[in-house]
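Residue numbers (this note's numbering): 96 to 281.
Structure, as structure tokens:
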């Protein structure tokens, strides 16, 4: 039996086709591996950022809870000196880098405030109503200005018999938190 000669051109085309298929397979595998590594790194970065944000917001939440029962604020709810309360709030805002803090009566009337505007119709806001129920209230700013992003914590002040005397609200500047991250990100 006689073998038919295969032209060299056909062998070259077959060789190039085989090399192209192997190269495409290696490229696809390598790309998949690289994308998996990038996805894992992205998930790790997101988890780290989330943990960092929660940790930083916890500081402000705890500030609101701990400061809400301060004797100066409780005295303000019963007709105490507004100047003393505002000095205390200013010191708190300065030490914690909060955007603002204010203390309000259960009807929503602001008794003392520092470092920022107080939202209108406070008594109708869900985070304030939650604090009036005796729980910690929290809300993100609903402002239309993207540069003014903030997060607020509202903690109740309890008087005799467990009734709510007032609500301390601590406002966090989210842009400032992000700015702090830029300097500390690895």
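Note that beta-carbon positions come from the ideal geometry of N, C-alpha and C, so glycine has one too.
None of the values given here were measured: they were computed from a predicted structure.
>> Please state whether the Cβ-Cβ distance between residue 232 and residue 249 is less than 8 Å.
In response: Residue numbering aside, residue 232 sits at position 137 when the chain shown is read from its first letter. Residue numbering aside, residue 249 sits at position 154 when the chain shown is read from its first letter. A contact, by the Cβ cut-off of 8 Å.
> Are the segment 253-264 and the segment 197-207 touching by the rule of at least three beta carbon pairs closer than 8 Å?
Replying inline: yes
> Start and end of the alpha helix (DSSP H) containing residue 221?
Replying inline: Position 126 of the chain shown, counted from the first residue, corresponds to residue 221. Residues 221-227.
>> Could you compute how far the alpha carbon of residue 245 sits from the alpha carbon of residue 128?
In response: Counting from 1 along the chain shown, the entry for residue 245 is found at position 150. Counting from 1 along the chain shown, the entry for residue 128 is found at position 33. Cα to Cα, residue 245 sits roughly 39 Å from residue 128.
> Hey, how far is the Cα of residue 165 from the Cα of residue 236?
Replying inline: Translated into positions along the chain shown, residue 165 becomes position 70. Translated into positions along the chain shown, residue 236 becomes position 141. Distance between the alpha carbons of residue 165 and residue 236: 26 Å.
> Where does the unbroken alpha helix (DSSP H) through residue 103 begin, and where does it stop?
Replying inline: Working through the chain shown from its first residue, we reach residue 103 at position 8. Counting along the chain, the alpha helix (DSSP H) containing residue 103 begins and ends at 103-162.
> Which residues mark the beginning and the end of the alpha helix (DSSP H) in which residue 185 is found?
Replying inline: Within the chain shown, numbered from 1, the residue matching residue 185 stands at position 90. Looking at the DSSP string, the run of the alpha helix (DSSP H) that includes residue 185 is 177-191.
>> Taking contact to mean 3 or more Cβ pairs, one atom from each stretch, closer than 8 Å, check whether the segment 207-215 and the segment 103-122 are in contact.
In response: no
> Considering residue 250, what are the terminal residues of the beta strand (DSSP E) in which it resides?
Replying inline: Numbered from its first residue, the chain shown carries residue 250 at position 155. Start and end: 245-253.
> DSSP beta-bridge partners for residue 235?
Replying inline: Counting from 1 along the chain shown, the entry for residue 235 is found at position 140. Per DSSP, 246.
> Rounded to a whole number of angstroms, what is the C-alpha to C-alpha distance between residue 139 and residue 225?
Replying inline: Translated into positions along the chain shown, residue 139 becomes position 44. Translated into positions along the chain shown, residue 225 becomes position 130. Each residue's Cα considered, the two are about 34 Å apart.
> Nearest to residue 228 by CA position, among 134, 174, 251, 123, is which residue?
Replying inline: On the chain shown, position 133 is the one that residue 228 refers to. Nearest C-alpha to residue 228: 251.
> In whole angstroms, what separates the C-alpha of residue 114 from that of residue 131?
Replying inline: The count along the chain shown starts at 1 and reaches residue 114 at position 19. The count along the chain shown starts at 1 and reaches residue 131 at position 36. Spanning the two alpha carbons is a distance of roughly 26 Å.
> Could you give the distance in angstroms between the alpha-carbon of residue 204 and the alpha-carbon of residue 157?
Replying inline: For the purposes of this step, residue 204 is taken as the residue at position 109 of the chain shown. For the purposes of this step, residue 157 is taken as the residue at position 62 of the chain shown. Approximately 23 Å between the Cα atoms of the pair.
> For residue 161, which option in 146, 184, 174 has the closest C-alpha, if you only look at C-alpha atoms?
Replying inline: Here residue 161 corresponds to residue number 66 of the chain shown, with the count starting at 1. Of 146, 184, 174, the residue nearest in Cα terms is 184.
>> Going by DSSP in three states, residue 261 sits in which element: helix, strand or coil?
In response: The residue labelled residue 261 in the question sits at position 166 within the chain shown. Residue state, collapsed to three classes: strand.
> Hey, how far is the Cα of residue 103 from the Cα of residue 112?
Replying inline: Numbered from its first residue, the chain shown carries residue 103 at position 8. Numbered from its first residue, the chain shown carries residue 112 at position 17. Computed Cα separation, rounded: 14 Å.
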